[in-house]
Each structure stands twice: as C-alpha cells, then as structure tokens.
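Those letters in the sequence shown? Residues 3 to 292, per our numbering, in order. All remarks here apply to the structure that follows.
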Amino acid sequence: MATGIGQPALSQQLAALRQADVVKTRREGKQICYDLADESVRLCVRTMEALLTDQPDPKRVMKAATFLGTAAEKPMTGNGAAGVDISPDLVSAARKRAVKSSAPNIEFTCADASTVQLADAPYDRLFSRFGSMFFEDPVSAFSNLRGLVRKGGRIDLAIWGPPRDNLWMMEMMGVVRNHVEVPPAVPRAPGPFAFEDLEYLGEIMDGSGFTDMDVVAYQGLQPVGGVDATPEKAVAFALSAMAAGRLLSDKGEAILAAATSELTDVFARHHVPGKGVMMQGKAWLVSAIA
C-alpha cells in the first residue's frame, strides 16, 4: 500500500505504534509484517474510519477526544476538541491522559449531556463511544447535543448490539443468575443495551433533529477488562464497572466470593496469553447528520 511517507519516517512511526501496543509484528523470511495488536484496537480503528472517511482534504485532521463517553470535536486547524462526560472520575482520567500524551487543544467539561453548553460551539463533529445508551432522557440529551453541532455536521456513535450477540455479557449474567435473582431487563431503559433496537434509535435521532442515520455492524473478539488482562483482573473490572457487582455485593461476602470464583473460571476459558480475556462482542457504528 502506498503511504506517501518515506521509509525512515515510516519505520519510526511503526516503532512508536509497536511500543504503544497498537500494532504487533511477525517475521516472514526477511520481511517484518505488521498487524493491529488486538480486537480492541481494531474496533477503535474502524470507529475512527467511520469518523474520517468522508473528509476529502487529508490536511483537515480531526482530533478525537475518545477518552470519554461523549466527545465533541473540531478540526485541529480550529479550536481543537472538547470532551464532555457526567462522571467526574472519567473527566479527571481524561485530563491526565491528555497531559500524558501531550494532546493539544483539548478541553474537558464535567456536565450532563442534556444541559451542557460549550462556548466554542457549534462543532463540526460529535463522537460518543459506548456512553449515549445511558442517557436518562435520550431525546432531550440528543436535542441539546444537536444544538452544539453545526448544520450539516455529523454525529457518530458506537453502541452495543443485542445482548445475545455479546457473549461477554451473556456468560457473565449467567453466572450472576446462579447466585442472585436478577430483575428482568426493561426494553429501551437506560443501560448498555438501550439502543439494541435500531428502530428505537432512529426514532430518537428523528426526534432530536438528526437525519440520514446510517448503521454499520461490527462483530469480533474484545478483551474484557483491557488488553492482556488476567481472568482475575477481568472479573475485578466487570464487578466494579457493571450493575452485576452491586447485585452480588448486596447479598453478602459469601455470595460475592462464590460468584467471583465461578466468573474467574468462565473468564479463564476465554483467556489468551498476551491478549487477555477475549470474548465475542457486537457493536453498532452509527452516524447521522445534524
């Protein structure tokens, strides 16, 4: 593939990507072949492809604030990017990552998406990665965000597909149900799978002032708890980040310990050395026009 980059510069960039665990290498004879490190990186790349492929001018680079659940963006030739999230912990983590990566022109605001106002609006692009499904009032939130995007601008969402296509959730909840009673899921209620019904999401987009919704399905393995996580680390992540952990904790230490042991065994069956706990997941990559 022609890149337009000289060999010395290309080698330096590939070395930096390898050091950051974004790519991996294998040797074939005298050649060194590069590939994306794992499925989580691949998902991020495909999401960014969905964001950027309609930009005809390669000099107009978009700087994505992907640290947060919701991020509004501008070309770096303008005022940079703005990141918004309702969680103070996530905003704090995003600011630390931005400083660590020397990312310029990024500002972070802790606010509710349904009411947030940004001084530099309107923006060209809004990107939300696995956060918008938790909006308490999605039409209100998306309507407010629509006001922060210029007319003709674009919104891009990464959201979870149906639970049955997400083995990581199905197997985990199967373990939880062995130990506690789990309330039945309420369709369309705020949560990881609120937008599994794309017809419902289409109604929300229409009601919020967005048009021309388009959806691309992504399906593949993802590392539970992060790249190279051990089964124990994956269990700690799952129980601390999801409602299942609260359900088990409320039943006492003995129940929590038994479920933790069983879930560790489940994750161990999916553990791949050097990659982590790799389990099947499905996401919708959604775009619409403001």
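No residue lacks a Cβ here, since even glycine has one placed at the ideal position from N, Cα and C.
Legend entry - For P90, the first and last residue of its enclosing alpha helix (DSSP H): P90 to K102
Inset, instruction - Note down the Cα distance separating V279 from P225, rounded to an integer number of angstroms. - result: 5 Å
Legend entry - D158, buried or exposed, once every other Cβ within 10 Å from all chains shown has been counted against 16: buried
Legend entry - Classification of S104 by the beta-carbon crowding that lies within 10 angstroms, buried from 16 upward: exposed
Inset, instruction - Kindly indicate which residue of D87, A39, T213 and S13 has the alpha-carbon position closest to the one of Q119. - result: D87
Legend entry - Residues near D230 by beta carbon distance below 7 Å, same chain, minus five either side: G276, K277 and G278
Inset, instruction - Leaving out five residues on either side along the sequence, give the residues of the same chain with a beta carbon under 6 Å from the beta carbon of M281. - result: L169, W170, V226 and H272
Legend entry - Pair within 8 Å by beta-carbon distance, Y125 and G85: no
Inset, instruction - Note down, in chain order, each residue of its chain lying with its Cβ closer than 6 Å to the Cβ of A123, except the 5 sequence neighbours on either side. - result: L150
Inset, instruction - Starting from M244, trace the alpha helix (DSSP H) both ways and give me its first and last residue. - result: Neither: M244 is in no alpha helix (DSSP H) and is coded neither H nor E.
Inset, instruction - For the alpha helix (DSSP H) holding M172, just list the boundary residues, first then last. - result: L169 to R179
Legend entry - Length of the line joining the Cα atoms of Y202 and D267: 37 Å
Inset, instruction - Tell me, please, which residues DSSP counts as bridged to P233. - result: For P233, which the question treats as bridged, DSSP gives no partner whatsoever.
Inset, instruction - Throw me the rounded Cβ distance for the P192 and F137 pair, which I believe falls under 8 Å. - result: 6 Å
Inset, instruction - Return the CA-CA distance between N34 and L19, expressed in angstroms with no decimal places. - result: Correcting the residue type first, residue 34 is Ile in the shown sequence and not Asn. About 14 Å.
Inset, instruction - Look up K61 in the DSSP assignment and say whether it is helix, strand or coil. - result: Only weak support exists for where K61 lies, its pLDDT of 28 falling under 50; the coordinates are left without a value.
Inset, instruction - Inspect the beta-carbon positions of S116 and A96 and report whether they are closer than 8 Å. - result: no
Inset, instruction - Check whether the Cβ atoms of V141 and I206 sit closer than 8 Å, and answer yes or no. - result: yes
Inset, instruction - Work out the CA separation of F239 and T232 for me, nearest whole Å. - result: 11 Å
Inset, instruction - Taking all protein chains shown into account, decide if R148 is buried (16 or more other Cβ within 10 angstroms of its Cβ) or exposed. - result: buried
Legend entry - Per DSSP, the bridge partner or partners of V184: V184 is not bridged to any residue.
Inset, instruction - Please decide whether D208 counts as near chain B, where near means a Cβ-Cβ distance under 8 Å. - result: Absent here is chain B; the protein component of the structure consists of one chain.
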